[in-house]
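Trainee:
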Amino acid sequence: MEVRTRFAPSPTGYLHIGGVRTALFNWLFARHNKGKFILRIEDTDTGRSTEEAVNVILDGMKWLDLEWDEGPFFQSKRLDIYKEHVEKLLSNGMAYRCYCSAEELKRRKEEAFKKGLKPKYDGKCRDRHDKPEGVSCVVRFKSPTSGTTVIRDMIRGNVYFDNSELDDLIIMRSDGMPTYNLCVVVDDFTMGITHVIRGDDHLNNTPRQVLLYNAFGNKPPQFAHVSMILGDDKARLSKRHGATSVTAYRDMGYLPEALINYLARLGWSHGDQEIFSMKELVEHFSLENVGKSSAVFNPEKLIWLNTHYIKEKDNEELAGLLLPFIEKMGYKAEGDKRLPLIVGTLKERVKTLEEMASSAEFYFKDDFEYDGKAERKFLKAENRELLISIKNGLSFLEPFDHNGVEGVFVKVMEETEKKLGKIAQPVRVALTGGTVSPGIFETIEAMGKEKTLMRLERAIEKIKESVAVQDV
RNA sequence: GGUCCCAUCGUCUAGAGGCCUAGGACGCCGGCCUCUCACGCCGGUAACACGGGUUCGAAUCCCGUUGGGACUACCA
1 MEVRTRFAPS PTGYLHIGGV RTALFNWLFA RHNKGKFILR IEDTDTGRST EEAVNVILDG
61 MKWLDLEWDE GPFFQSKRLD IYKEHVEKLL SNGMAYRCYC SAEELKRRKE EAFKKGLKPK
121 YDGKCRDRHD KPEGVSCVVR FKSPTSGTTV IRDMIRGNVY FDNSELDDLI IMRSDGMPTY
181 NLCVVVDDFT MGITHVIRGD DHLNNTPRQV LLYNAFGNKP PQFAHVSMIL GDDKARLSKR
241 HGATSVTAYR DMGYLPEALI NYLARLGWSH GDQEIFSMKE LVEHFSLENV GKSSAVFNPE
301 KLIWLNTHYI KEKDNEELAG LLLPFIEKMG YKAEGDKRLP LIVGTLKERV KTLEEMASSA
361 EFYFKDDFEY DGKAERKFLK AENRELLISI KNGLSFLEPF DHNGVEGVFV KVMEETEKKL
421 GKIAQPVRVA LTGGTVSPGI FETIEAMGKE KTLMRLERAI EKIKESVAVQ DV
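Listed below in C-alpha cells is the structure:
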C-alpha cells in the first residue's frame, strides 16, 4: 500500500520551527517510502485564521524545498463533507445535539473543579429527544463510557486510555462549524492518510480520534507522536525564547539546508553522522530512530551547521544569496562582477549571510573612516614609502589576481627586508579602515585594481597630511 | 487536581543485558598553523536522576520515587 503522510498546520500565526520539523519528518517518511506528502491547511477556526498566515506557511515550505504532492487543501472549503459526516453520526445515534449554553458549561465545570471532580461534560443532553425552540445547539460525539482504547504508536509503543476518562467532545459548534477532532479524522480517512506523524501534544487527543474512526467504520492510520521542541529553560519553545519562526531564520541569513539538517538531527539520529544532505536524509530516515524524549533547541549547533553549509556552497550561488542582504544595507551590488570573489574571501569566516553582508561592507563603502587606533599604529610616516611601493607595484599588475598580488608583496618584502606582517597591516588599514579582514592578497584581488589603488592613494595622502601637521 | 508522555555530558545524541574504563557532535578550555580575524588540525573538560528488584552480569528489563512536559476549550 502506498504511504501517504500529511502536514496540517493551522494558519493562525507564523510557521513555527516545531511545525517545520513535523513537516520535515512527514516529508522524509513519505519520500523514503516513495509515497505521497499532502499539505492541508486547518482553518476551521475562522476567528484566528488569516490568509497572510497561509502565505507564510507556503513560502516557508517552498524556501525549505519541502515539496508537497497534493494540496494545499483547505478545511474551510470542505465544510459540506464534515456536515455530511456529522449527519451520519447523528442519524445512527453516535452523536447528539447538546443545548447547554457555553456559560452554563463553564459554570458547571468550575463547580466540579471546586469539588475536586473531573471537569468533564456531565452528559446532560446525551439522551435528550426534545428540541427546545430558539436555543442554539452543538453536536457532541457519544463516547463509550467503559472499556479501553489502545493507541499503537510507532514511536511510543502501545498507549492505553480508559474510555471513562474521555469526554463527549463537541464535533460541531453552535455556528455550524465543525471542530478540529472531527475534521482531522474525516480528512485523514477521506484523503487516504496512512501515517499520521505529529507533535506529542496530540497524543491525548488520539483516543477520541480513534473512537471517531471506529464510529465511521474506518481503520485508524498508523500514528507516530514526536516529542516537542523545548527552549533552553525546558519549557515548550515559544516566542519568549527568541526566534522561532522560519522566516526569522531566513532573514537572518541561515541557509535552508542548515535548518533542515539541524531539525532532522533534533530527535532523530543515524549513528554518529551529523551532516546530512537532503538525499541522505531521504535515504536513511526512519521512525525507528526517532527518540522519545523532548529536545532542547540549541542555536549554537544550528550556527555551526550554517557555517558548514556556507563554506561548502559555491561562490556564484552564494553571491546570489548574499545580494539581497547587501542591498538591504543600501549598496548597489547587482551585476557587480566582484561579488563571487568577495564571497570567496568571506565564506570561511562568517556565521550567517547577514554577517557576511556586514563583513563585506568595506568592499563597497569608499568613504569609510579609519579606525582611530589602527590609523595611529599603521598609517604613520615610516610606512608611507611602503604603501607607495605596493601601490606602484600593483598599478602595473596584469592580470590582477591573487598570485600577482602576492608577487608584488614578495618583491617589496625583499627590497625592504620586512616580514609580511609588517607590510600587510598598513595595507589592510589603508584598504579596509581596520586591522581585521580576510587574507590581504585575496582581499586585494576581490577589491579590484581600481578601488585598491584609489584607497592606497587616499591613505598615502592621509599620511602626508598628518606629517605636515606634525611638522607645524 | 486528573489522564498521558518522557528521563545518558550544559545541549543534540550513540547505546537493543556482557563489546562501556559509556562513543560521536555542538559549546567551552588549551595548543598548533598564521599577514590580522577566522578556517583547519591536535588535545582536554563533562553524563547513565534516585531507590529497590530480576540476573552470574543492568545505562539497557521490572517496580517505585523525584523531576520535566503535554492535554484537560463551542483552539488546533
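Taking this note's numbering as reference, the numbering of the first sequence is continuous, increasing by one, and the terminal residue is 472.
All C-beta atoms, glycine included, are put in the ideal place defined by N, C-alpha and C.
Since this is a predicted model, take the numbers as computed values, not measurements.
#1: Relative to the C-alpha of ILE440, which residue among ALA235, LYS292, ILE460, PHE409 is closest?
#2: Write down every uninterrupted run of the alpha helix (DSSP H) in the segment 307 to 337 whose length is 4 residues or greater and which is fully enclosed by it, in chain order.
#3: Can you tell me which of the three DSSP states GLN273 falls into?
#4: Name the DSSP beta bridge partners of LYS36, please?
#5: Looking at the unbroken beta strand (DSSP E) that takes in GLU70, where does it start and where does it end?
#6: Out of curiosity, what's the CA-to-CA distance linking ILE342 and MET447?
#7: Measure the beta-carbon distance from GLU2 to LYS36 and round it to whole angstroms, keeping in mind my assumption that it falls under 8 angstroms.
#8: So, under 8 angstroms CB-CB, THR352 and ASN403 are touching, yes? Tell me the CB distance rounded to an integer number of Å.
#9: ILE155: which of MET94, VAL226, LYS142, LEU105 sits nearest, CA to CA?
#10: So does the segment 175 to 195 actually touch the segment 83 to 90, counting three or more Cβ pairs closer than 8 angstroms?
#11: Our contact map puts ALA224 next to LEU322 with C-beta atoms below 8 angstroms; I'd like the distance itself, whole angstroms only.
#12: Check ALA95 in the structure and name its three-state DSSP category.
#13: Taking DSSP as the reference, what is the three-state secondary structure of LEU255?
#14: What separation, rounded to the nearest whole angstrom, lies between the Cα atoms of GLU51 and ARG236?
#15: Quick check: what's the CA-CA separation for SER136 versus LYS279?
#16: How many whole angstroms separate the CB atoms of LEU64 and ILE260, which I take to be in contact at a CB cut-off of 8 angstroms?
#17: What residues are listed by DSSP as bridge partners for ASN158?
#18: Between the Cα of GLY199 and the Cα atoms of ARG250, ARG21, PRO207, which residue gives the shortest distance?
#19: Determine the DSSP secondary structure at ARG198, reduced to helix, strand or coil.
#20: Compare the beta carbon distance of ARG128 and ASP168 with 8 angstroms and say whether it is the shorter of the two.
Mentor: For this structure:
#1: Stepping through the first sequence from its first residue, residue 440 is reached at position 440. If we check each option's Cα against that of ILE440, PHE409 comes out closest.
#2: 315 to 328
#3: Residue numbering aside, residue 273 sits at position 273 when the first sequence is read from its first letter. Of the three classes helix, strand and coil, the one that applies to GLN273 here is coil, per DSSP.
#4: The residue given as residue 36 occupies position 36 in the first sequence. In the DSSP output, where bridge partners are listed per residue, LYS36 has ARG4.
#5: Taking the first residue of the first sequence as position 1, residue 70 is located at position 70. Start and end: 70 to 74.
#6: Looking up residue 342 in the first sequence gives position 342. Looking up residue 447 in the first sequence gives position 447. Distance between the alpha carbons of ILE342 and MET447 is about 7 angstroms.
#7: Stepping through the first sequence from its first residue, residue 2 is reached at position 2. Stepping through the first sequence from its first residue, residue 36 is reached at position 36. Right, the Cβ-Cβ distance comes to about 7 angstroms (below 8 angstroms), so this counts as a contact.
#8: The residue you call residue 352 lines up with position 352 of the first sequence. The residue you call residue 403 lines up with position 403 of the first sequence. Wrong, their Cβ atoms sit about 31 angstroms apart, outside the cutoff.
#9: Taking the first residue of the first sequence as position 1, residue 155 is located at position 155. Checked all of MET94, VAL226, LYS142, LEU105; the closest Cα to ILE155 is VAL226.
#10: yes
#11: In the first sequence, the residue the question calls residue 224 occupies position 224. In the first sequence, the residue the question calls residue 322 occupies position 322. So it is not a contact: roughly 39 angstroms between Cβ atoms.
#12: Position 95 of the first sequence holds residue 95. Reduced to three states, the DSSP call for ALA95 is strand.
#13: Here residue 255 refers to the residue found at position 255 when the first sequence is read from its first residue. In the structure shown, LEU255 sits in coil (DSSP, three-state: anything other than H, G, I, E or B).
#14: Here the question's residue 51 lines up with position 51 in the first sequence. Here the question's residue 236 lines up with position 236 in the first sequence. Near 26 angstroms, if we compare the C-alpha coordinates of ARG236 and GLU51.
#15: Position 136 of the first sequence, counted from the start, is the residue given in the question as residue 136. Position 279 of the first sequence, counted from the start, is the residue given in the question as residue 279. Distance between the alpha carbons of SER136 and LYS279 is about 54 angstroms.
#16: Position 64 of the first sequence, counting from 1, holds the residue named residue 64. Position 260 of the first sequence, counting from 1, holds the residue named residue 260. The Cβ separation is near 6 angstroms, so the contact holds.
#17: Your numbering for residue 158 matches position 158 in the first sequence. Looking at the DSSP assignment, ASN158 forms a beta bridge with ARG152.
#18: For the purposes of this step, residue 199 is identified with residue 199 of the first sequence, where counting begins at 1. The candidate whose alpha carbon is nearest that of GLY199 is ARG21.
#19: Here the question's residue 198 lines up with position 198 in the first sequence. Looking at ARG198 - three-state DSSP - the assignment turns out to be strand.
#20: For the purposes of this step, residue 128 is taken as the residue at position 128 of the first sequence. For the purposes of this step, residue 168 is taken as the residue at position 168 of the first sequence. No, Cβ-Cβ distance for ARG128 and ASP168 is not below 8 angstroms.
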